[in-house]
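**Q**
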Amino acid sequence: MKRKDIFLIFMLFAFLLCTAGVKPARAEVRLADDKIILNGTIKQTMLFRTQMQQEEYNRYHKTHLDYNRFSYVIEGLFKIKDCPEEQLNLFVGTKYWYELAPVYDPKMRKGPNPGVPSIQRNWYARAKDRDLLSEAYFDYLRGPFDLRIGQQIVVWGETDIKRTVDIINPIDVRLGSPGIDQWEEIKLGLFMLRGTYQSQLPGNLLFELLYIPGDFRPARLPVDGTHYGANPVVTQSVFYPYVPYGVTTWQFEKARRDAPGWELKNYEYGLRVRGFTWDIDWTLLYYDGLYDAPIATSDLPQAFLDNYLGVALKGQVTQTLQQPTFPSQKLFVYPRYRMIGGTAQTVIPALHNSVWRLEYFYNFDEPYNVGTDGSNSALYDWVRRGCFGMGLNYSDKFKIPGFTHRFCDDKMMDVSLTFFYERVFDWNDDIIIAESGRGHRGQTASAHEIAWNVQQFIFHQTFMFMFTGSYNPIGKYFLAPIVAYVPGNHWRWELGFPTYGSSERTNKGLHDKDSVLFRMRYEF
Amino acid sequence: MRVRKSNTILRLLRVSLIVFAISILAVPVMVSAEQLNFPLKAYTDEELTKVREWEKTWAGKKIDKSNVGQIKEYLLESYAGVYAKPEVWFEPEGFWFTIAPYTRKIETKGMIEATNKYHTQVKTDANSEVIQNYPDIAGMPFPNPDLSDPKKGGNQIAWNYDFNTHGDAYHWLRTGPSLTVQNHTERVSSQDMYELYYVSRVDVDPKPNLLKDNTKGIRRGYFIHLFKPPEFINTRMFNLRYLDMTKSDDGYMWYSQFRRIRRISTAQRTDSIDGSDLIYDDEFLWDGHIIRNTYKYIGRKELLCARHQDIKQLQRTSGHAMPNGINRERLNTLVVEVTSKDKNYIYKKRVWYVDPETYYIQWTEIYDQLDRFWKCFENWTNPEKLESTGEMKSVICGTQMMDFQRIHCGISIQECKGVGLTQVDQNMFTISNLQKGGY
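So the protein sequences, as listed, match chains H and R. Going by the working numbering, the residue at position 28 of the first sequence is 28; the numbering climbs one at a time, nothing skipped. Going by the working numbering, the residue at position 105 of the second sequence is 1105; the numbering climbs one at a time, nothing skipped.
Shown next as structure tokens:
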């Protein structure tokens, strides 16, 4: 029996076993007289591509199921000392994932030019080393003080899908996507000292200070040929099949190798003040740190010529497979920049008691690459610019006559709508921004986008319908209708259809990755 | 003789005048003492004799589908039907409960003293509907509601309900399965809950106001820490209700999945709560400002009520509609029809069955906008020891919620962790507290 068939039978069996055996049980696990509390999620997520170029399929896939990830997140709270005066806790979060698609699809892993480059396959396909530990920190609470030391994930933002001021932790989008996965699953923990102090000043000011002593982790970008990565080269180009992977892979791999790692000089710090004035909950924040995404130096074009194009040309001439090389010199940097920003949220009774949230930032000296006419392929250097951005979110609940009463047991429909705006100052048409995924049209300083989330529980929350999406006037969109079945305390079944589109040539994103999403979760 | 006669007449007149004068001074006091019949009794002595007679037959008996017909006059029709036809609720083996003898509940000393002290100071508006010195009083504002006037009586019962501060500071652990009885599945919520009254306090010092300077005008703080369902583990929220009856509550939530403190709109109080049959207004069987409704007293109704319910005696099978072993006693309830002033309100009306000794709503029947019977909820109460004084104070220890249109139900079992608490940190109702415990 083929490996694929065995796998499918296993999944079917698991599905039947789970649906047949839905029984209520306790949620979290409590041990040692409630001093240890464990909870977590075990998850299997599959994406079946309904949109794939025939050439890509023929060359790199044996199945349209190009994403099939097993993962879990388990969190534990250990109460070391718990008395009214002071508390000391240890919080540990572990996670693991394993991407099965290259296992059962030989075309994704075999041959001189596999769908997923072998150089990055092990790096992305399963959690290793530090990725296994999402968080681990001690939390000491005494009076108005709270001090946390260790690897942490910090959330500073308020809006959905886009991270406007929520920038402390870098993100890992190798196998996840905002809107489909939770932010917490795709954020990378950083070692930091983080303290809060609740003052008695007017406005109930709450001060928060965090310091990251040089623990730098770059953003993890999707691997070529994987579901969330760029498509593998499908045309018979000059170089293929004489190099094992494409240009993007070489650049991403080099950027990963050039990331600075843990050095004291890479310190980062942030300050946040939270208060309440005129019925508005607000925060003001300041952050000084390194840019999470790689910025290419002016040495990149020559190095690329020497180490990739030259090698590929040699392969073309000799008709043999060649391995691109990686020079020791740094071709990518992660420059320091600063940000000021804030958030505000309030309920406006006059507007149907809706909740409004605002996030805004101004980045000082944000780094951008420049290329002739904003072209990535004509990159020549990088520059610094100021950038302003904001997100305004409106959320409300509605009854739908004849529907919410009849089918939803009077559970109202939750609606959330967010408008994003961003503008780069001192604009230069050479700034490369269209391919950054920030929603800009090529050679345009500003970008706009709206994002929404509609959620409706049906039949006493046994079912849930969610419609998440975003639209950018440049013609780029993301739509994700998802239906979830929640039969009891632990099992969650989800079926969705995330679709993407773009009419902008230089900002395509996942334009041809429409898929059927199937996800089963066990929550405890 | 004539002189002696006239002297006698004069003496008699003098004595009469003195008696008259004393009586003029004494009558209001006597009338007042007679009128302040508090704490109330559910039954007169004569009525109680009859109840005791009935109890000779029924007290201690197990009631199930075989004999529920014999006591159905003391159950609401809908619930009598649940016991008589359990197959409708997918429980062919049936449900049962036991009958206990009626036991009077006497309010705490603090409640009695506050009622005596403040009930004469209650100021209402011209229509006698709204208490205007709401923050300045405590205890039952209307210890002897005027039941001769349906509107006034209903209104006064509602205010008495509102001024029951549940022991001023109450902590309980709620386990609340939402049940789909058709396939006997349930989704359980579990949450630690605190309630702290800032004003109208009667059982815990400082009384009646917690703060010397309540600048924010807080009436009550309410804190919830969720343990289940798993998606909400460690989600925590608090809600502040204000003395200003026109102001919506303030609500904040630390949503653990998003790790964010989110302000939440508390104005949409008719939204159902997470798959249950409750809307936000249904907590305690009414959780909103009294002025949002109109009230009409419609009489008395003898009902079997769970007023001394030890939740450990409940026998519950997972996925089944109702626990067995509920312990109900007869009670002559006050019946009040409650109609929202909001014409578009989700319910056409509620009918409250109020315990006249504690002013808890023991039962409520709910009608939809087309005036069709829809839901029936029952509160179970039980006396618990006040931490502050050691007296017994009746608190809600559980609720049964049944939706008769959809054949769906939920249960809330509330384990008392402390009532009349003397040490409830007010910082619990702050954003800082949400952030501190956020993992």
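Glycine residues also receive a C-beta, built at the ideal position from the N, C-alpha and C atoms. If you're wondering where the values come from, they're calculated on a predicted model, not measured in any experiment.
For H448(H), which three-state DSSP category applies?
**A** Stepping through the first sequence from its first residue, residue 448(H) is reached at position 448. Here H448(H) sits in strand by DSSP.
**Q** Along the chain, where does the alpha helix (DSSP H) that runs through A219(H) open and close?
**A** To locate residue 219(H), count along the first sequence from 1; it is residue 219. Where A219(H) is concerned, there is no enclosing alpha helix (DSSP H), given that its DSSP letter is neither H nor E.
**Q** Would you say the segment 419–433 of chain H touches the segment 379–386 of chain H, given that touching needs at least three Cβ pairs under 8 Å?
**A** yes
**Q** Hey, how far is the Cα of T343(H) from the Cα of E263(H)?
**A** In the first sequence, residue 343(H) corresponds to position 343, counting from 1. In the first sequence, residue 263(H) corresponds to position 263, counting from 1. Rounded to the nearest angstrom, the gap between the Cα atoms of T343(H) and E263(H) is 31 Å.
**Q** Is S354(H) close to chain R, meaning its C-beta is less than 8 Å from at least one C-beta of that chain?
**A** Numbered from its first residue, the first sequence carries residue 354(H) at position 354. Yes, S354(H) counts as interfacial toward chain R.
**Q** Near L206(H), what residues of its chain come up, given a Cβ to Cβ distance below 8 Å and the 5 sequence neighbours on each side ignored?
**A** One-based indexing of the first sequence puts residue 206(H) at position 206. So the qualifying residues of the chain are T196, Y197, Q198, S199, V273, R274, G275.
**Q** For G1139(R) and K1117(R), which I take to be in contact (beta-carbon distance under 8 Å), what is that distance rounded to the nearest angstrom?
**A** In the second sequence, counting from the first residue as 1, residue 1139(R) sits at position 139. In the second sequence, counting from the first residue as 1, residue 1117(R) sits at position 117. Rounded, the Cβ-Cβ distance is 7 Å, consistent with contact.
**Q** Quick test of the definition: if touching needs 3 or more C-beta pairs under 8 Å, does the segment 250–260 of chain H touch the segment 129–148 of chain H?
**A** No, because fewer than three Cβ pairs between the segment 250–260 of chain H and the segment 129–148 of chain H fall closer than 8 Å, the two stretches do not touch.
**Q** Compare the C-beta of E158(H) against all C-beta atoms of chain A and say whether one is closer than 8 Å.
**A** Reference to chain A is not applicable here, since the protein chains of this structure are H and R.
**Q** Could you compute how far the alpha carbon of M46(H) sits from the alpha carbon of F1090(R)?
**A** Taking the first residue of the first sequence as position 1, residue 46(H) is located at position 46. Taking the first residue of the second sequence as position 1, residue 1090(R) is located at position 90. Cα to Cα, the separation comes out at about 37 Å.
**Q** Assign L1421(R) to one of two classes, buried (16 or more other C-beta atoms within 10 Å of its C-beta) or exposed (fewer than that).
**A** The residue labelled residue 1421(R) in the question sits at position 421 within the second sequence. Counting Cβ neighbours within 10 Å, L1421(R) comes out buried, since at least 16 surround it.
**Q** Across which residues does DSSP place H1444(R) in a beta bridge pair?
**A** Any question about residue 1444(R) goes unanswered here, given that chain R covers just 1001 to 1439.
**Q** Spatial neighbours of T1124(R) within its chain, please: CB distance less than 8 Å, with the 5 preceding and 5 following residues excluded, ordered by chain position.
**A** Position 124 of the second sequence, counted from the first residue, corresponds to residue 1124(R). Contacts found: V1130, I1131, Q1132.
**Q** Is it a yes or a no for the segment 1246–1258 of chain R touching the segment 1424–1435 of chain R, going by three-plus beta-carbon pairs under 8 Å?
**A** yes
**Q** Helix, strand or coil, according to DSSP, for P102(H) in the structure here?
**A** Sequence index remark: in the first sequence, residue 102(H) carries index 102 (1-based). Here DSSP, grouped into helix, strand and coil, assigns P102(H) to helix.
**Q** How long is the line joining the alpha carbons of L479(H) and D1213(R), rounded to whole angstroms?
**A** By one-based count along the first sequence, residue 479(H) stands at place 479. By one-based count along the second sequence, residue 1213(R) stands at place 213. L479(H) and D1213(R) have their alpha carbons spaced roughly 52 Å apart.
**Q** Under DSSP, the beta strand (DSSP E) around A480(H) begins and ends at which residues?
**A** The residue you call residue 480(H) lines up with position 480 of the first sequence. Per DSSP, A480(H) belongs to the beta strand (DSSP E) from 476–485.
**Q** Can you name the residues of chain H whose CB is closer than 7 Å to the CB of D1274(R)?
**A** As a first step, residue 1274(R) must be located in the second sequence, where it is residue number 274. Going along chain H in sequence order, the residues near D1274(R) (Cβ under 7 Å) are Q461.
**Q** Please work out which residues of its chain come closer than 7 Å, Cβ to Cβ, to L300(H), disregarding the five sequence neighbours upstream and downstream, and give them in chain order.
**A** Along the first sequence, one-based indexing puts residue 300(H) at 300. L331, L379, listed in sequence order.
**Q** On the three-pair Cβ rule with 8 Å, is the segment 1301–1316 of chain R touching the segment 1379–1396 of chain R?
**A** yes
**Q** Leaving out five residues before and five after Q1191(R) in sequence, what residues of the same chain have Cβ atoms less than 7 Å from its Cβ?
**A** Position 191 of the second sequence, counted from the start, is the residue given in the question as residue 1191(R). R1174, I1224, H1225, L1226, F1227.
**Q** Hey, out of V454(H), K43(H), I36(H), whose CA is closest to H490(H)'s CA?
**A** The count along the first sequence starts at 1 and reaches residue 490(H) at position 490. Residue K43(H) is the option with its Cα nearest to H490(H).
**Q** Find out if the Cβ-Cβ distance for the pair R1236(R), D409(H) is shorter than 8 Å.
**A** The residue you call residue 1236(R) lines up with position 236 of the second sequence. The residue you call residue 409(H) lines up with position 409 of the first sequence. At least 8 Å separates the beta-carbon of R1236(R) from that of D409(H).
**Q** Applying the criterion that 16 or more other CB atoms from any shown protein chain within 10 Å of the CB defines a buried residue, is G1410(R) buried or exposed?
**A** Along the second sequence, read from residue 1 onward, the residue named residue 1410(R) stands at position 410. Classification of G1410(R): buried, given that the 10 Å Cβ count is 16 or more.
**Q** Cα separation between P1141(R) and Q182(H)?
**A** Walking along the second sequence from the start, residue 1141(R) turns up at place 141. Walking along the first sequence from the start, residue 182(H) turns up at place 182. Between P1141(R) and Q182(H), the C-alpha separation is close to 51 Å.
**Q** For the alpha helix (DSSP H) that W1172(R) lies in, which residues bound it at each end?
**A** For the purposes of this step, residue 1172(R) is identified with residue 172 of the second sequence, where counting begins at 1. Segment 1169–1180 is the beta strand (DSSP E) holding W1172(R); no alpha helix (DSSP H) there.
**Q** Mind listing, in chain order, the continuous beta strand (DSSP E) runs of no fewer than 3 residues lying wholly within the segment 159–233 of chain H?
**A** Runs of the beta strand (DSSP E) inside the segment 159–233 of chain H: 190–198, 206–212.
**Q** With a Cβ-Cβ cutoff of 8 Å, do P201(H) and Q152(H) count as a contact?
**A** Counting from one through the first sequence, the residue named residue 201(H) turns up at place 201. Counting from one through the first sequence, the residue named residue 152(H) turns up at place 152. The residue you asked about is not Pro; residue 201(H) is Leu in the sequence shown. No, the Cβ-Cβ distance between L201(H) and Q152(H) is not below 8 Å.
**Q** Starting from the C-beta of R1259(R), find all residues in its chain whose C-beta is less than 8 Å away, skip the five residues before and the five after it, and write them out in chain order.
**A** As a working note, residue 1259(R) is residue 259 in the second sequence. So the qualifying residues of the chain are G1438.
**Q** Taking Cβ to Cβ, would you say I1279(R) is nearer than 8 Å to I1346(R)?
**A** In the second sequence, the residue the question calls residue 1279(R) occupies position 279. In the second sequence, the residue the question calls residue 1346(R) occupies position 346. Cβ distance < 8 Å, so I1279(R) and I1346(R) count as in contact.
**Q** Chain R partners of K95(H), CB-CB under 9 Å?
**A** Position 95 of the first sequence, counted from the start, is the residue given in the question as residue 95(H). In chain order: nothing, as chain R lies at least about 15 Å away.
**Q** If you pair each beta-carbon of the segment 1155–1173 of chain R with each one of the segment 1202–1209 of chain R, do three or more pairs fall below 8 Å?
**A** yes
**Q** Assuming the contact rule is C-beta atoms closer than 8 Å, N1324(R) and W1096(R) should be a hit. Round their C-beta distance to whole Å, please.
**A** Numbered from 1 along the second sequence, position 324 holds the residue referred to as residue 1324(R). Numbered from 1 along the second sequence, position 96 holds the residue referred to as residue 1096(R). That belief holds up - the Cβ atoms of N1324(R) and W1096(R) are roughly 5 Å apart, short of 8 Å.
**Q** If you follow the beta strand (DSSP E) that L520(H) is part of, which residue opens it and which one closes it?
**A** Along the first sequence, read from residue 1 onward, the residue named residue 520(H) stands at position 520. The amino acid occupying residue 520(H) in the given sequence is Met; Leu does not appear at that position. That run of the beta strand (DSSP E) goes 515–523.
**Q** Mind the definition here: the segment 102–116 of chain H touches the segment 50–66 of chain H only if three or more C-beta pairs lie below 8 Å; say whether that holds.
**A** yes
**Q** With 9 Å as the limit, tell me which residues of the segment 364–396 of chain H have their beta carbon closer than that to any beta carbon of chain R; keep them in chain order.
**A** S395, D396
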